[in-house]
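**Q**
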Amino acid sequence: MAARLLTHTTGRILRQLRHDRRTIALMLVVPILALTLLYFMFEQRPGAFDRIALIMLGIFPFIIMFLVTSIAMLRERTSGTLERLFTTPVGRLDLLFGYGIAFGFAAAVQATVATAVTYWLLGFSVRGSLALVVLIAVANAVLGVALGLLCSAFARTEFQAVQFMPLVSIPQILLCGLFVPRAEMAGWLEGLSYAMPLAYSVEALTEVGRHPEPTALMWRDLAIVAAVVVVALALGAATLRRRTP
Amino acid sequence: METTVEITDLVVERGRREVLHGITAQIPRGLVTGLLGPSGSGKTTLLRTIVGVQVVKSGTVTVLGQPAGSPALRRTIGYYTQAPSIYADLTVRENVRYFASLYGLGADAAEQTIQEVGLADQAGQLVMTLSGGQHSRASLACALVGRPEVLVLDEPTVGQDPLLRDELWHRFRDLARAGTTLLVSSHVMDEANRCDRLLLIRDGSIIADDTPEAIKAAAGTDDLDQAFLRLVRQRVEVA
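These protein sequence lines map, in sequence, to chains A and B.
Counting from 0, one number per residue, gives the positions in the first sequence under numbering that gives the first Met the number 0.
Counting from 0, one number per residue, gives the positions in the second sequence under numbering that gives the first Met the number 0.
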């Protein structure tokens, strides 16, 4: 990996995104629309919105970045640009980290806007710091990027890539503690939830919601998410072959 | 004559089918070598092997003395794929600048190359809005911009109008004169006459490797199309 190649690759991916105004608008507006909907749904139940909005602020970046990345990487494979890049000095890690950084940056913007709107316009409040909410949301986005890169290797078409989104995200969303607290699930479901990286980031967010200061559990959960990102990127790198049959 | 690419007993399988059956050939330095053959004969597979992105079953390919695909070669080789492979959602300029940056080159090199392929007027245009021929030339610019020592071009003139095709061929000749090794695939025989040397490939085997004149003389005709046909028939008779 070389700093110059990584910087230029990151810049190229952000430039591609910049030309796609509609995607940018959707990235920014969709979370806000959904959060507004939640606000009105839970208007009559005090405290419920704060709890659910907090978790949704973490889940949106994961889903959206998973989708964007798996399609972007698939395009890179099917358009022949990936093969061409492999004849240039660009390395696999330049490419993977380029995507991670570029979309991580996009996610940071998205999470900041969504958190700011929920806080100032929808009266959202947490005991802990909003900056930590954004940090965990960005970690989730990078998790989405890493898993998206990995899953794109198993899709041949954009149709298939889109199908991976529910496959990867629905079990995680169901088991992460949003609908039923993990401790109240059947034993095997709770066990399964420990294998879901999203469950850890939801737990981390819940910690931020409950405690004014960052807790050890929150940092541990964040570290687990970071570790899963590294493993997924490493597996993703293994699926990027310079030589293909 | 110095050799840039050395291919020895190359066997390649794609999808459990053998597509190259033990090819041996040399590509000389500073010349334009044409790789001619019908569609499906293995041209693209051979080019992919030379640029180092093809899994090889057996045999060796070296470029400038190093195994094809070696990290050191990635700075010295330019590859133009048959289907244009650039980013449709970037402008011509952004594409060429990105590829220039991979070789440590700046905006000047990019602008100059855009001029050379005749896209100065379209430099700020998104690639997805270009015509087919412009799209290919933008892709070609990305292969040329690194000033590679070895240029591997897979059907670079398809879909270009005759005037541009002529200009591109002059450009290839200039590059060869300056010492660049070019390997250009085509299935159009009139382009074959512009090459210094020809490799004729059919069904994954090389059936001729010589200058256009020598190939025509050997086949006893002035027409390369005819020469190709005669060479194929001779082989069928021998087999």
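Cβ coordinates follow ideal geometry from the N, Cα and C atoms, glycine included.
1) Using a Cβ-Cβ cut-off of 8 Å, state whether residue 142/A counts as contacting chain B.
2) Using the three-state DSSP reduction, which class does residue 145/A fall into: helix, strand or coil?
3) When you compare the segment 74–89 of chain A with the segment 164–180 of chain A, are there three or more beta-carbon pairs, one atom per stretch, that lie closer than 8 Å?
4) Please report whether the beta-carbon of residue 54/B lies at a distance below 8 Å from any beta-carbon of chain A.
5) Express the C-alpha separation of residue 214/A and residue 46/A in angstroms, rounding to a whole number.
6) At least one CB of chain B closer than 8 Å to the CB of residue 78/A: is that the case?
7) List, in order along the chain, the chain B residues whose C-beta lies closer than 9 Å to that of residue 19/A?
8) Which of the residues in the segment 70–88 of chain B, read from start to end, lie with their CB under 7 Å from any CB of chain A?
9) For the structure I just gave you, are there three or more beta carbon pairs, one from the segment 181–195 of chain A and one from the segment 210–224 of chain A, closer than 8 Å?
10) Are the C-beta of residue 159/A and some C-beta of chain B separated by less than 8 Å?
11) Considering only the alpha carbon of each residue, which of 198/B, 130/B, 201/B and 140/B lies closest to residue 171/B?
12) Can you find a CB in chain A that lies within less than 8 Å of the CB of residue 16/B?
13) For a contact meaning CB atoms closer than 8 Å, what does residue 50/B contact in chain A?
14) Residue 4/A CB to nearest chain B CB: under 8 Å?
15) Can at least three beta-carbon pairs, one atom from the segment 81–96 of chain B and one from the segment 14–22 of chain A, be found at a separation below 8 Å?
16) Determine, using beta carbons only, whether residue 149/B and residue 3/B come nearer to each other than 8 Å.
17) By the 9 Å beta-carbon criterion, what residues does the segment 203–224 of chain A contribute toward chain B?
18) Please report how far the alpha carbon of residue 247/A lies from the alpha carbon of residue 22/B, in whole angstroms.
19) Work out the CA separation of residue 1/B and residue 178/B for me, nearest whole Å.
20) Here's the rule I'm using: 16 or more other beta-carbon atoms within 10 Å means buried, otherwise exposed. How should residue 133/B be labelled?
21) Please classify residue 184/B: does DSSP put it in a helix, a strand, or coil?
22) Taking only beta-carbon positions, decide if residue 89/A is within less than 8 Å of chain B.
23) Give the residues from the segment 116–137 of chain B that approach chain A closer than 8 Å (Cβ to any Cβ), ordered along the chain.
24) Mapping DSSP to helix, strand and coil, what is residue 102/B?
25) In or out: residue 139/A buried (at least 16 other Cβ within 10 Å) or exposed?
**A** Taking the structure as given:
1) No, no contact with chain B.
2) DSSP places residue 145/A in helix when its eight states are reduced to three.
3) Below 8 Å, too few C-beta pairs join the segment 74–89 of chain A and the segment 164–180 of chain A to call them touching: fewer than three.
4) Judged by the 8 Å Cβ criterion, residue 54/B is in contact with chain A.
5) Each residue's CA atom was taken as its position, placing residue 46/A and residue 214/A some 21 Å apart.
6) Proximity of residue 78/A to chain B, defined by a Cβ-Cβ separation below 8 Å, is satisfied.
7) Chain B residues near residue 19/A: 88.
8) Residues of the segment 70–88 of chain B with a Cβ closer than 7 Å to any Cβ of chain A, in chain order: 73, 74, 76, 78, 80, 82, 84, 85, 86 and 88.
9) Counting Cβ pairs under 8 Å, fewer than three are found: no touch.
10) By this cut-off, residue 159/A is not an interface position.
11) Checking every option, the nearest Cα to that of residue 171/B belongs to 140/B.
12) So, not an interface residue.
13) Correct list: 86.
14) So yes, residue 4/A belongs to the interface.
15) Remark: three or more beta-carbon pairs, one from each stretch, lie closer than 8 Å, so the segment 81–96 of chain B and the segment 14–22 of chain A are flagged as touching.
16) Taking 8 Å as the Cβ cut-off, residue 149/B and residue 3/B qualify as a contacting pair.
17) Listed by position along the chain: nothing, the set is empty.
18) Nothing in the structure corresponds to residue 247/A, since chain A is present only between 0 and 244.
19) Looking at the two C-alpha atoms, the distance is approximately 11 Å.
20) Buried is the call here.
21) If DSSP states are grouped into helix, strand and coil, residue 184/B belongs with the strands.
22) For residue 89/A, the closest Cβ of chain B is nearer than 8 Å.
23) Result list: 125.
24) DSSP places residue 102/B in coil when its eight states are reduced to three.
25) So residue 139/A counts as buried.
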